[in-house]
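Taking it in order: structure first as structure tokens, then the write-up.
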Amino acid sequence: MKYCISSIRFFFKAHVSIGPGLAAALFLFALIFPAMAKAGVDLNAYPDRGYAAPEFTLRDLNGKEHSLSQYRGKVVLLNVWATWCYPCIAELPSLESLSKKLKGDKFSVLAVSIDQMNPKAVKQFAEKNNISFSVLLSPDGFFQNLYLTNSIPTTFIIDKSGAIVSRVPGAREWDSPEAVEALKELTKQ
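For reference, each letter of the sequence shown is one residue, going 263 to 451 in the working numbering.
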């Protein structure tokens, strides 16, 4: 073990300019990574097609709690966005239009704002932009960590049983005839 640590020190001194803290962290990762893989931990698993959508409870702009389980039996379009994200803002009108087109068809749009600002500012933004679907708040990174979203907008389509049907990174025209028809078909299943 002493030789191993000496070799690692030599390598990092000769080839990489990092401190001893990072070197120790890399060494520990090298020890833990194979153990996790051997134990059957899927290091690439994340909420994606075929996975059960992780349960969450978040407050909306009026302080009312919403849990994903409340929407069981409905198709849910779960959109992760922020008020400062231009592509997110650009797709909001199509989400609003889709929400109105499929209203009453066992379908819901939930938009999870990851803004770290005052909830009142998000509420003002939603009112100014005539958003009628539920806007949920996750300013602390909880939702991003739960759904492992590293870019926004990201949208999850969740079926009536709570399984993720699709994970869609980037902005889309959600009210296009193709999208509306595909989501209508999903509500019939």
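Cβ coordinates follow ideal geometry from the N, Cα and C atoms, glycine included. All values reported here derive from a predicted model rather than from experimental measurement.
Counting along the chain, the unbroken beta strand (DSSP E) around P431 starts and ends at 426-431.
Within 10 angstroms of the beta-carbon of W343 lie 16 or more other beta-carbons, which makes it buried. With contacts defined by Cβ atoms closer than 8 Å, L445 and D421 do not form a contacting pair. When the five nearest sequence neighbours on each side are left out, the beta carbons in the same chain lying within less than 8 Å of the beta carbon of W346 are those of D377, in order along the chain. A residue is called buried when at least 16 other Cβ atoms come within 10 angstroms of its Cβ; E353 meets this threshold and is buried. Residue L398 holds the alpha-carbon nearest to the alpha-carbon of T319 among K363, S359, L398. In the three-state reduction of the DSSP assignment, T345 falls in the coil class.
If you check the CB distance, N341 and T411 do not come in under 8 Å. Taking 8 Å as the cut-off, the beta carbon of L364 is found no closer than this to the beta carbon of F395.
Taking 8 Å as the cut-off, the beta carbon of G335 is found no closer than this to the beta carbon of I426. For C350 and V374, the gap between their C-alpha atoms comes out near 11 Å.
Following the DSSP letters along the chain, one finds T417 inside the beta strand (DSSP E) bounded by residues 416-420. Within the model, the alpha-carbon separation for I419 versus A388 is close to 22 Å. Distance from the CA atom of W436 to the CA atom of S329, rounded to whole angstroms, is 23 Å. Assignment of T319 by DSSP, reduced to helix, strand and coil, places it in the strand class. Of the candidates Q386, S413, P381, L360, P381 places its Cα closest to the Cα of K326.
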